[in-house]
Amino acid sequence: MSTVTTTSQTPRARSAPSPQGRRRTRHWSQPRWYVPYLFAGGALALVLVMTLFPFLNTLALSFTDATMLKGGQFVGLDNFRALLDDARFTTALLNSTLYVVCVVPFMVLLPLVLATLAAGRGRLLGFFRTAYYLPVVMGAVASGLVWTSLLESRGLVNSLLSWLHVVGAPVPFLTDRWLLLVSAMIVTVWMGMGYYMVIYLAALANIDPALYDAAAVDGAGPVRQFRSVTMPGVRNTMALIAMFSSVAAFRVFSEVYILTGGTGGPGGSVTTMTMLIQREGTGLQAQTGYAGAISLVMFVVLAALLVLQLVVQNRQGKN
Amino acid sequence: MTAADTTTAAPRAVAARPRARHRVRPATVGRYAILVLMLVLLAGPLLWQLSLALKGPGDDLYAVPPQLLPADPTLDNFAGVIDRIPVLRFVLNSVVVAALVVGGNIVLATLAGFALGRLRWRLRPVATAVFVAALLVPLEAIIIAQFLLVRSANLTDTLLGVALPMLVAPLNVLLMRNAFLGIPDELEEAAVIDGANVWQRFRRICLPQVKGVVSVVAIFAFVGAWNDFLWPLVVLSSENSYTLTVGLNYLRGTFYDDPRLIAAGTIVALVPVIVFFAALQRYFMRGLEQGGIKG
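Protein sequences appear in the order of chains A and B. Quick note on the numbering used here: the first sequence kicks off at 1 and runs consecutively. Quick note on the numbering used here: the second sequence kicks off at 1 and runs consecutively.
Written out as structure tokens, the structure is:
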């Protein structure tokens, strides 16, 4: 026993008569120094090369006039100055910001209502929940195509509206600038409903049922119970979903791209930040330096969104 | 909680409910009315697309009021799409990409998660910080630099190039790390006493404990790879290497004048992922609850 100088803390491991333990003076969970690198090396290398290096490269690119065909010269803040005068950039920033402002409240509230109604046991409720999840699985491109056919001038929505005499002429969902943006938002919310509902379902399961009974005894109806028991009970989840859905909304690409047929709407007026990066930064004529500057702005906005949410969350937590 | 639990729990709930209560409360009626309305809104569009895909030349697509059931049902639209566009090739390409991404994430994230969660090494805090930092970098903001990288490796217009940036997601590494951290030390200590080396402890002791999380990682890696659009759109340039999402976009441009063919193409693209979802439905629900949010 005295010859074994292991650093092990547990008496069981110390008394273990394993031949390995006697020969080496290492803790049982410490194999040779390079072993952890064999385990983590692949993922570490890929993440360093495919994510962190490109990030630093984007940073560097944004201060150059590089194009797809030649490396650039350092130009200082020229790209960022040019951004301020670029109407396409201001439009994209506006559209992506509007997307966050309009989509997030629906993403936070509607799935919660849906989860409250669809929670519970029984085959029927299970069926509803599964069906609600379908749009999530479909993905943005297929969803975008389905909605394109629904919202066309002679599509289902317009047929229904004119059949019910709600409108006289077809609504230009896919050709009017603002209606296009609203249509894309509808697709985004449509796809997010089932996803966030499932997350709320998990949060709802943690609310003590006795609270509902107590509220019912006090004469609270379903709406009052929702406001006074459900909403406070899932407040942290609401904050989390607000954070994730606002980041996702600012990054929106596929829905808008598909609904506008890749054009960005009339005169490019429905372009979002990601669409602008894709447009400016790819192809043979691409201004990679300029696109890098747009990317950097996007990164800063997203980081600011995260920090903002964390600050708000912390303040709420303290009160 | 989820549909998975209902089968076992339902009989008890039914038995416990007094049979005499037949009166249906208005609140219940309202609840189911909203649930059905949401069903129409969320699943209806897919049903309409299916109906559109089955409508033949004898159907008036723009009839008012709209007709859900095709009067002249046909499968010709599917044949038409497959005939004129290599849809099945797109499906195959997407399967290859998804297989690479799922395999990469399972193997690499599990190994790295084990190293971060259960091994002690000097640079472990640094490595953990690297994955957390990478988690915060939005892919959209680095897509140009990633493209330059893939181009310098001569991987543009290849499926490997599509899969490469998604081969291991930092979030999956951190999910696996947390899963491995949750295993009680006693389990591993017992294995050490039996003389197990690191690989045996990983393979025989720890891995079986985190199988659930591995399946969650696999499922979301599959759906993520299958539905990814922006990156393949940037990397792929020739029709033969298109994945399904890029192919669908192309389909839209080609059959602009015939919604039936677009609908048929969409349905063909959706069949694999919906079958996948139907088969693994309970894992989807459980995964979201366990793993929290996946952005």
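Just so you know, even glycine gets a beta-carbon here, dropped at the ideal spot from N, CA and C.
Non-local beta-carbon contacts of Ser246 of chain A in its own chain, meaning distances under 6 Å to residues more than five positions away in sequence, involve Val100, Val104 and Leu305 in chain order. In the three-state DSSP reduction, Lys70 of chain A falls in the coil class, being neither helix nor strand. In the structure shown, Thr237 of chain A adopts helical secondary structure according to DSSP, grouped into three states. For chain A, the residues of the region 47-62 of chain B that bring a beta carbon within less than 9 Å of one of its beta carbons are Trp48, Gln49, Leu52, Leu61 and Tyr62, in chain order. Look at Pro138 of chain B here: in three-state DSSP terms it is coil, with no helix or strand label. Under a 10 Å Cβ-count criterion, Gly117 of chain B is classified as buried, with 16 or more other Cβ atoms of the shown protein chains found around its own Cβ. Those residues of the region 262-276 of chain B placed with their C-beta closer than 7 Å to a C-beta in chain A are Ile262, Ala263, Thr266, Ala269, Leu270, Val273 and Ile274, ordered along the chain. Phe63 of chain A and Gln73 of chain A have their C-alpha atoms spaced approximately 8 Å apart.
Between Arg251 of chain A and Thr274 of chain A, the CB-CB gap stays under 8 Å.
Annotated three-state conformation of Pro170 of chain A is coil, per DSSP.
In the three-state reduction of the DSSP assignment, Thr64 of chain A falls in the strand class. Here the alpha carbons of Leu296 of chain A and Ala163 of chain B stand approximately 24 Å from one another.
Proximity of Thr74 of chain B to chain A, defined by a Cβ-Cβ separation below 8 Å, is not satisfied. Leu69 of chain B is outside the set of residues whose beta carbon lies under 8 Å from a beta carbon in chain A.
Residue pairing by DSSP places Lys55 of chain B opposite B:Pro73 in a beta bridge. With fewer than 16 other Cβ atoms from the protein chains shown falling within 10 Å of its own Cβ, Asn154 of chain B counts as exposed. When Cβ-Cβ separations below 8 Å define contact, Gly168 of chain A makes no contact with chain B.
In the structure shown, Asn197 of chain B adopts coil according to DSSP, grouped into three states. Along the region 213-254 of chain B, the alpha helix (DSSP H) occurs as fully enclosed runs of 4 or more residues at 230-235 and 244-254, listed in sequence order.
For Thr271 of chain A, no alpha helix (DSSP H) encloses it, and the DSSP letter there is neither H nor E. A direct Cα-to-Cα measurement between Gln67 of chain B and Leu145 of chain A gives close to 20 Å. The three-state secondary structure of Thr90 of chain A, taken from DSSP, is helix.
For Tyr256 of chain B, the secondary structure class from DSSP, reduced to helix, strand or coil, is coil. Residues of the region 199-222 of chain B with a C-beta less than 7 Å from any C-beta of chain A: none at all.
Membership of Arg118 of chain B in the alpha helix (DSSP H) is indicated by the continuous run Thr110 to Arg118. When DSSP states are grouped into helix, strand and coil, Gln287 of chain A belongs to the coil group. Relative to Ser183 of chain A, the option among A:Glu280, A:Phe244, A:Tyr196 and A:Gly265 whose CA is nearest is A:Gly265. A residue is called buried once 16 or more other Cβ atoms fall within 10 Å of its Cβ, and Asp59 of chain B is buried on that count.
Between Val81 of chain B and the set B:Arg282, B:Phe284 and B:Arg252, the nearest pair of CA atoms involves B:Arg252. Of all residues in the region 238-271 of chain A, only Leu240, Ile241, Phe244, Val247, Ala248, Arg251, Phe253, Ser254, Tyr257, Ile258, Gly261 and Gly262 come within less than 8 Å of chain B when Cβ atoms are compared, listed by chain position. Inter-residue distance for Pro208 of chain B and Ala221 of chain B is about 20 Å (C-alpha atoms, whole angstroms). Taking a Cβ-Cβ threshold of 7 Å, none of the residues of chain B is close to Asn236 of chain A; the smallest such distance is about 11 Å. Listed by position along chain A, the residues whose Cβ is nearer than 7 Å to that of Phe131 of chain B are Val47. One alpha carbon belongs to Lys70 of chain A, the other to Gly168 of chain A, and they sit about 55 Å apart. In the DSSP assignment, Asn172 of chain B falls within the unbroken alpha helix (DSSP H) covering Pro170 to Leu181. Between the alpha carbons of Ile183 of chain B and Cys206 of chain B lies a distance of about 7 Å.
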